[in-house]
Amino acid sequence: MYGWTGKIARIDLTRQKIDVQPLSPDTCARYLGGRGMGGLFLRPAAALDWDHPDVPVCLFTGPLTATAAPTSGRSHMVSLSPLTGLMADASVGGKIGVQLKRAGWDGIVITGQSNTPVGIEIRDNHITLVPAANLWGMTTDAVHQHLNPKKAGLACIGPAGENRVRFAAVITDRYHAAGRTGLGLCLGVKKLKYILVSGAGRTRVKDPEQLKTARQDICRLTAASPALMGRYGFSRMGTGAMYDLMDNRHMMPTDNFTATWSGAAPNLNAAAYARAYSPKNHGCRGCHILCKKIGTRPAAGTAVPEFETMSHFTALVGLQDIHLVTAANQRCNSLGMDTISAAVTLACHREITRTDFTPASLLALLDDIAMDRGQGKALKKGAAAYAGAMGRPDAAMAVKGLELPAYDPRGAYGMALGFALSTRGGCHLRAYPISHEILRKPVATDRFSFSGKARIIKIAEDLNAVVDSLTACKFTFFAAGLEEYARAFSAVTGQDVTVQDLLTAGERIYYNERIINSCRGFDARHDDLPERFFTRPGTDSPQFPVPPLDRAAFLQAKAAYYAVRGLTQNGLPTRKKAQQLGVPWKTW
Amino acid sequence: MENLVKKYAKKLVDAGLGAPFGPGSPLVGGLDRDLVWNTTAPEIPVLEKMFLHLNINSLVFLRPGFPYDLIIGFLAGRALKGGGSVVPRDCETRTFLHDLPVVDRFELQAVVQALKQRKTVIVQGNEPNTKFLGPAVIAPGTVSPEQGFVHISSVCFACFVAFFSDYLAGLKSGRHDPEMDRVFDRVLPFLQNQLPASFDDLMHGPFSREQEVYAAMVQAGRKIVDLGLVDSYFGNLSCCRHNTLYISQTGASLDELAGCIDPVPLDGSSTAGITASSELTAHLETVARTGCQVILHGHPKFCVIASMDCDPVRKAACAFADRCHTHCPLPRHIGSVPIVPGEVGTGPFGLCNTLPRAFAASDSVIVHGHGLFVTGKTDFIRAFSTLAAVESSCKNRYLEQVRHLRSA
Numbered sequence: 035m036y037g038w039t040g041k042i043a044r045i046d047l048t049r050q051k052i053d054v055q056p057l058s059p060d061t062c063a064r065y066l067g068g069r070g071m072g073g074l075f076l077r078p079a080a081a082l083d084w085d086h087p088d089v090p091v092c093l094f095t096g097p098l099t100a101t102a103a104p105t106s107g108r109s110h111m112v113s114l115s116p117l118t119g120l121m122a123d124a125s126v127g128g129k130i131g132v133q134l135k136r137a138g139w140d141g142i143v144i145t146g147q148s149n150t151p152v153g154i155e156i157r158d159n160h161i162t163l164v165p166a167a168n169l170w171g172m173t174t175d176a177v178h179q180h181l182n183p184k185k186a187g188l189a190c191i192g193p194a195g196e197n198r199v200r201f202a203a204v205i206t207d208r209y210h211a212a213g214r215t216g217l218g219l220c221l222g223v224k225k226l227k228y229i230l231v232s233g234a235g236r237t238r239v240k241d242p243e244q245l246k247t248a249r250q251d252i253c254r255l256t257a258a259s260p261a262l263m264g265r266y267g268f269s270r271m272g273t274g275a276m277y278d279l280m281d282n283r284h285m286m287p288t289d290n291f292t293a294t295w296s297g298a299a300p301n302l303n304a305a306a307y308a309r310a311y312s313p314k315n316h317g318c319r320g321c322h323i324l325c326k327k328i329g330t331r332p333a334a335g336t337a338v339p340e341f342e343t344m345s346h347f348t349a350l351v352g353l354q355d356i357h358l359v360t361a362a363n364q365r366c367n368s369l370g371m372d373t374i375s376a377a378v379t380l381a382c383h384r385e386i387t388r389t390d391f392t393p394a395s396l397l398a399l400l401d402d403i404a405m406d407r408g409q410g411k412a413l414k415k416g417a418a419a420y421a422g423a424m425g426r427p428d429a430a431m432a433v434k435g436l437e438l439p440a441y442d443p444r445g446a447y448g449m450a451l452g453f454a455l456s457t458r459g460g461c462h463l464r465a466y467p468i469s470h471e472i473l474r475k476p477v478a479t480d481r482f483s484f485s486g487k488a489r490i491i492k493i494a495e496d497l498n499a500v501v502d503s504l505t506a507c508k509f510t511f512f513a514a515g516l517e518e519y520a521r522a523f524s525a526v527t528g529q530d531v532t533v534q535d536l537l538t539a540g541e542r543i544y545y546n547e548r549i550i551n552s553c554r555g556f557d558a559r560h561d562d563l564p565e566r567f568f569t570r571p572g573t574d575s576p577q578f579p580v581p582p583l584d585r586a587a588f589l590q591a592k593a594a595y596y597a598v599r600g601l602t603q604n605g606l607p608t609r610k611k612a613q614q615l616g617v618p619w620k621t622w
Numbered sequence: 021m022e023n024l025v026k027k028y029a030k031k032l033v034d035a036g037l038g039a040p041f042g043p044g045s046p047l048v049g050g051l052d053r054d055l056v057w058n059t060t061a062p063e064i065p066v067l068e069k070m071f072l073h074l075n076i077n078s079l080v081f082l083r084p085g086f087p088y089d090l091i092i093g094f095l096a097g098r099a100l101k102g103g104g105s106v107v108p109r110d111c112e113t114r115t116f117l118h119d120l121p122v123v124d125r126f127e128l129q130a131v132v133q134a135l136k137q138r139k140t141v142i143v144q145g146n147e148p149n150t151k152f153l154g155p156a157v158i159a160p161g162t163v164s165p166e167q168g169f170v171h172i173s174s175v176c177f178a179c180f181v182a183f184f185s186d187y188l189a190g191l192k193s194g195r196h197d198p199e200m201d202r203v204f205d206r207v208l209p210f211l212q213n214q215l216p217a218s219f220d221d222l223m224h225g226p227f228s229r230e231q232e233v234y235a236a237m238v239q240a241g242r243k244i245v246d247l248g249l250v251d252s253y254f255g256n257l258s259c260c261r262h263n264t265l266y267i268s269q270t271g272a273s274l275d276e277l278a279g280c281i282d283p284v285p286l287d288g289s290s291t292a293g294i295t296a297s298s299e300l301t302a303h304l305e306t307v308a309r310t311g312c313q314v315i316l317h318g319h320p321k322f323c324v325i326a327s328m329d330c331d332p333v334r335k336a337a338c339a340f341a342d343r344c345h346t347h348c349p350l351p352r353h354i355g356s357v358p359i360v361p362g363e364v365g366t367g368p369f370g371l372c373n374t375l376p377r378a379f380a381a382s383d384s385v386i387v388h389g390h391g392l393f394v395t396g397k398t399d400f401i402r403a404f405s406t407l408a409a410v411e412s413s414c415k416n417r418y419l420e421q422v423r424h425l426r427s428a
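So the sequences go chain by chain: A and B. Quick note on numbering: the first sequence equals residues 35 to 622 in the numbering used here. Quick note on numbering: the second sequence equals residues 21 to 428 in the numbering used here.
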């Protein structure tokens, strides 16, 4: 095959056994790779508890990984979420995806549980399980330093993943997080401390010249994108470039989503970080955008926080200190925790206890969460579980248990729908409506309207399922589209596919996720937003009001979405639609 | 959705691309849970089936009006005898549409197959055994009917530029093409319209208050669209006041600029300009270099056509003949107006690297295959006068060349 290597490794940590499994061309064509393939291999475990030994942790590359297709150096991790009970997944940056592909693997599927801490080391065809008791308890920084991966890709967990923090993250290649849904704990429960991968092979490309043309088309589009390559775009300023915009649009979640504007942006924006840290560009392997920013001073090598972290560790928790944000970001990465979930959980704690943070008290709580001590014992379960235990479920700003990112849905109704309907809980990336509601691409839509949004969200979910499966970076799709990536796909694989072929694969991948979640008891009751968004207004701007969401309009849009997606009005998949898409129906 | 389908149908008519009634009337469909159309028409049953085959939420169908019908019909006919698509070389097409596929009939599968790969399709039509009247252009959207509007508008612009560029290049190469002559002669009346010489109806600067800046920009945006100097949402404009550059947002329709202007501090203290026009960097550099307060960028068709006009002998020998838009090595001018290479945005070959420098010697600069940028000292009046004068000059020069070459 071109594009795919045609094989995966099944690694059983209980039996310490490694099997090679071939992938058929048909499976590759139908599920592509990355998230799609991960969902396929997760499916047999859909009815199990998240910590059952038979539940796999899948790490998959895509057909474009390790090729010249722009931003395709990513991979995707999939399992069941200890935080939400849903399918868990996250896009993985850095270089581990490229190394895995070069080692000759489309993916690895890890099952079982080791009795003692262990690492997986992959060098081309050779896969070994390495005792890792000496690394257990180490921070991700320390693991990185100890293993010194150089050109190899390294994914590891920190103390949070070991101490059953439900929003533990997997940190790859020091600066990149597979942050959301608690994948760090999925590794932790298997006693898997790290995965180290290096490979010397190359992805076979059917038509390098056609791929070159596709690459040029994509790069030309990204160069024309203000959000990506413009003076204030991600390439120059990092994702923090969104900070001023969210402030300006009165969409910045403030004081645990009780307001949508904090007024402090001029001192907390990306420009302020640039002044303070003089960052240099860094990015995932194979990316020309390089949105990651690494400080050169006062201490070289400090990661400049991403937008979500910037926003949530200031406006959401009631602090205004960029050095605190940087420290919290560093602490979360080092301990192996998702910054979004951590911040929302702390904001929930602040609201319930009515106790403001100081920078020191906030950092101390982060430590307590990761180390499973003091108040951290309750907070480590995430905002929903914590608020429920405190008798204040209304204070948890989460959807299906996943804490909400830094876009207030009262300022973007597509985002509201996207949050509610996402197959991994309160996630902005499944439909990513920020593209048209805020960044005006491919064209601007009315952010204060549900009109037309049901189908827009469905199409975007399918598209992003493809992006996560190819695998590529969603940011590129602020500029390029599947039109260009279909050409890259065809060039790499030799399969003559169209945009619509890929979108059909995306629909299949998404429907499979809906089936997995329905097996776990999720239905329309869970496709909802916290009540606060329907009852309290945001912060009005002098130019426009930010009213509460209209529940009737929301429900109408949700019903339209179910119809468009081919679900029942209770949000459940149907056998007919599954058959139409060629997705296996439930067998239990 | 109903509002949107009506709005973009009207915009196609207002832009002179479609007719208010009859077969030339635009058809715009929008689908959320239910499918709505702006009107009824015999083509709609076939168009509705396209929604079943394409993952889209909107579709625009247009039989372009004069002269685009003649031009697109001609180019589509030629494409069907060749590679099956029209390949314009203007910047917008090169960047966003790549090429324009053509099918010979209004048949579901043929149209769907083309739209599975590209953003638009041209239906040549006029097959002897069918009643379908062509040409027509079809463009879907995944977010809004605005996408279809923009892409159809782009097709009309691109085909216009391609036809006139190819025609002149053919004449210069000594190729006699009677069919092109006929199309040209029939289109000629369309070119007789003259741009106004005075723009005194626009707001006079300098603008002391921020609200005046916004108002002046909204007015100028509407004016440039009304004059046909931009298509769809091409073009951008900015105005500098104190230490802030006010600039139209990316993808903003210039005739609807209210609420679509970004204030960008010159000291870089805010990144709110992330939604500003792709040409923000070029605007900022130009303001810094020249001290101008106003920049206006349109896509006057004959400026674009003139920028692509190159001596065929010299071009045949040029090492960069396939990369004129980024690598043209010659210092070229139309009159005193420099022509520079450069792509949209800030890439290594972005016009931000070439345009601001060129403003050192002129208050107007043409970017190859793209459009015209003009500066103004305090308001848009002078900028518009310059823009109109340059476009008129380019058109007259073009027509003069054609006359001369044809008589020879």
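The C-beta atom is built at its ideal place from N, Cα and C for all residues, glycine as well. As the structure is a computational prediction, the values presented were derived from the model and not from experiment.
Does residue 364 of chain B get closer than 8 Å to chain A when you measure Cβ to Cβ? Within the second sequence, residue 364 of chain B is the residue found at index 344, counting from 1. Answer yes: the Cβ-Cβ gap between residue 364 of chain B and chain A drops below 8 Å somewhere.
Cβ-based neighbour list, residue 269 of chain B, same chain, cut-off 8 Å, excluding 5 preceding and 5 following: By one-based count along the second sequence, residue 269 of chain B stands at place 249. Here the set comprises 280, 281, 282, 295, 296 and 297.
Boundaries (first-last residue) of the alpha helix (DSSP H) holding residue 256 of chain B: For the purposes of this step, residue 256 of chain B is taken as the residue at position 236 of the second sequence. Residue 256 of chain B -> not in any alpha helix (DSSP H); beta strand (DSSP E) instead, spanning 256-261.
Tell me the rounded alpha-carbon separation between residue 419 of chain B and residue 131 of chain B. Reading the second sequence from its first residue, position 399 is the one you call residue 419 of chain B. Reading the second sequence from its first residue, position 111 is the one you call residue 131 of chain B. Each residue's alpha carbon lies about 37 Å from the other.
Any idea which residues DSSP pairs residue 470 of chain A with across the strands? Walking along the first sequence from the start, residue 470 of chain A turns up at place 436. Answer is none; residue 470 of chain A lacks a bridge partner.
In three-state DSSP terms, what is residue 286 of chain B? As a working mapping, residue 286 of chain B is identified with position 266 in the second sequence. Annotated three-state conformation of residue 286 of chain B is coil, per DSSP.
Near residue 585 of chain A, what residues of its chain come up, given a Cβ to Cβ distance below 8 Å and the 5 sequence neighbours on each side ignored? Stepping through the first sequence from its first residue, residue 585 of chain A is reached at position 551. 568, listed in sequence order.
Given this structure, state the Cα-to-Cα distance separating residue 202 of chain A from residue 320 of chain A, to the nearest angstrom. Against the first sequence, residue 202 of chain A aligns to sequence position 168. Against the first sequence, residue 320 of chain A aligns to sequence position 286. Near 27 Å, if we compare the C-alpha coordinates of residue 320 of chain A and residue 202 of chain A.
Nearest CA to the CA of residue 163 of chain B: which residue from A:492, A:399 and A:104? Here the question's residue 163 of chain B lines up with position 143 in the second sequence. Answer by Cα proximity: A:492.
Out of A:331, A:287 and A:312, point me to the one whose CA is closest to residue 343 of chain A's CA. The residue given as residue 343 of chain A occupies position 309 in the first sequence. Nearest option by C-alpha distance: A:287.
What residue ranges within the segment 89-140 of chain B form continuous beta strand (DSSP E) runs of no fewer than 3 residues, ordered along the chain? The segment 89-140 of chain B is shown to contain whole beta strand (DSSP E) runs of 3 or more residues at 120-123, in chain order.
What is the C-beta distance between residue 467 of chain A and residue 446 of chain A, in whole angstroms, given that I count them as a contact (C-beta under 8 Å)? To locate residue 467 of chain A, count along the first sequence from 1; it is residue 433. To locate residue 446 of chain A, count along the first sequence from 1; it is residue 412. Between residue 446 of chain A and residue 467 of chain A the Cβ distance is about 6 Å, and since that is below 8 Å, they are a contact.
Hey, residue 362 of chain B and residue 324 of chain B are a contact pair by Cβ (cut 8 Å); roughly how many whole angstroms apart? On the second sequence, position 342 is the one that residue 362 of chain B refers to. On the second sequence, position 304 is the one that residue 324 of chain B refers to. With 8 Å as the limit, residue 362 of chain B and residue 324 of chain B do not qualify as a contact, their Cβ atoms being about 13 Å apart.
Measure from the C-beta of residue 235 of chain B to each C-beta in chain A and report whether the shortest distance is under 8 Å. Position 215 of the second sequence, counted from the start, is the residue given in the question as residue 235 of chain B. By this cut-off, residue 235 of chain B is not an interface position.
According to DSSP, which residues form a beta bridge with residue 81 of chain B? Residue numbering aside, residue 81 of chain B sits at position 61 when the second sequence is read from its first letter. For residue 81 of chain B, which the question treats as bridged, DSSP gives the partners B:47 and B:158.
Using a Cβ-Cβ distance under 8 Å, would residue 496 of chain A count as near chain B? Numbered from 1 along the first sequence, position 462 holds the residue referred to as residue 496 of chain A. Taking Cβ atoms only, chain B reaches closer than 8 Å to residue 496 of chain A, which makes this a yes.
Span of the alpha helix (DSSP H), counted from its first residue to its last, around residue 86 of chain A: Stepping through the first sequence from its first residue, residue 86 of chain A is reached at position 52. Where residue 86 of chain A is concerned, there is no enclosing alpha helix (DSSP H), given that its DSSP letter is neither H nor E.
Mind checking the segment 212-230 of chain B against chain A and listing, in chain order, the residues whose C-beta falls within less than 9 Å of any C-beta there? So the list is empty, because no residue satisfies the distance condition.
Can you give the Cα-Cα distance for residue 521 of chain A and residue 99 of chain A, rounded to whole angstroms? Taking the first sequence and counting its residues from 1, one reaches residue 521 of chain A at position 487. Taking the first sequence and counting its residues from 1, one reaches residue 99 of chain A at position 65. Going by the C-alpha atoms only, they are around 15 Å apart.
On the DSSP bridge list, what partners appear for residue 317 of chain B? On the second sequence, residue 317 of chain B is found 297 positions in, with the first residue counted as 1. DSSP output for residue 317 of chain B lists B:256 and B:393 as bridge partner(s).
Name the DSSP bridge partner or partners of residue 109 of chain A? Counting from 1 along the first sequence, the entry for residue 109 of chain A is found at position 75. Answer is A:126, bridged to residue 109 of chain A.
What distance in whole Å lies between the Cβ atoms of residue 173 of chain B and residue 251 of chain B, which are believed to be in contact at a cut-off of 8 Å? In the second sequence, counting from the first residue as 1, residue 251 of chain B sits at position 231. In the second sequence, counting from the first residue as 1, residue 173 of chain B sits at position 153. Right, their Cβ atoms sit about 5 Å apart.
Just the C-alpha distance for residue 403 of chain B and residue 218 of chain B, rounded to the nearest angstrom, thanks. As a first step, residue 403 of chain B is located in the second sequence; it is residue number 383 there, counting from the start. As a first step, residue 218 of chain B is located in the second sequence; it is residue number 198 there, counting from the start. In a straight line, the C-alpha of residue 403 of chain B is about 11 Å away from that of residue 218 of chain B.
Quick one: what's residue 56 of chain A bridged to in DSSP? Position 22 of the first sequence, counted from the first residue, corresponds to residue 56 of chain A. Per the DSSP secondary-structure output, residue 56 of chain A pairs in a beta bridge with A:41.
Roughly how far, in whole angstroms, is the beta-carbon of residue 67 of chain A from the beta-carbon of residue 537 of chain A, given that I think they are within contact range, below 8 Å? Taking the first sequence and counting its residues from 1, the one referred to as residue 67 of chain A is at position 33. Taking the first sequence and counting its residues from 1, the one referred to as residue 537 of chain A is at position 503. About 16 Å separates the two Cβ atoms, so there is no contact after all.
Touch check for the segment 143-163 of chain A and the segment 241-255 of chain A: three-plus C-beta pairs under 8 Å? no
Alpha-carbon spacing of residue 41 of chain A relative to residue 360 of chain A, whole angstroms: Counted from its first residue, the first sequence places residue 41 of chain A at position 7. Counted from its first residue, the first sequence places residue 360 of chain A at position 326. Residue 41 of chain A and residue 360 of chain A have their C-alpha atoms some 41 Å from each other.
Contacts that residue 21 of chain B makes with chain A (C-beta to C-beta distance below 9 Å): Residue 21 of chain B sits at position 1 when you count from the first residue of the second sequence. Correct list: 485 and 486.
Measuring CB to CB, does residue 400 of chain A end up less than 8 Å from residue 365 of chain A? Start at 1 with the first residue of the first sequence, and residue 400 of chain A comes out as number 366. Start at 1 with the first residue of the first sequence, and residue 365 of chain A comes out as number 331. Result yes, Cβ atoms of residue 400 of chain A and residue 365 of chain A sit closer than 8 Å.
Kindly identify the DSSP beta-bridge partner or partners of residue 303 of chain B. Locating residue 303 of chain B in the second sequence gives position 283, counting from the first residue. DSSP lists no bridge partner for residue 303 of chain B.
I want to know whether the segment 269-286 of chain A touches the segment 321-339 of chain A - three or more CB-CB distances under 8 Å. Short answer: they touch.
Skipping 5 residues on each side, what residues in its chain have a beta carbon closer than 7 Å to that of residue 542 of chain A? Here residue 542 of chain A refers to the residue found at position 508 of the first sequence. For residue 542 of chain A, where only same-chain residues beyond five positions count, the Cβ hits under 7 Å are 64, 615, 616 and 617.
Starting from residue 315 of chain A, trace the beta strand (DSSP E) in both directions and tell me its first and last residue. As a first step, residue 315 of chain A must be located in the first sequence, where it is residue number 281. 314-316 is the extent of the beta strand (DSSP E) around residue 315 of chain A.
Using a Cβ-Cβ distance cut-off of 8 Å, determine whether residue 259 of chain A contacts chain B. The residue labelled residue 259 of chain A in the question sits at position 225 within the first sequence. Closer than 8 Å to some Cβ of chain B, the Cβ of residue 259 of chain A qualifies, so yes.
Since residue 163 of chain A is in the beta strand (DSSP E), which residue starts that stretch and which ends it? On the first sequence, position 129 is the one that residue 163 of chain A refers to. From DSSP, the beta strand (DSSP E) with residue 163 of chain A extends over 160-165.
Below 8 Å, how does it come out for the segment 371-380 of chain A and the segment 434-446 of chain A: are there three or more Cβ pairs, yes or no? Enough Cβ pairs lie closer than 8 Å, so yes.
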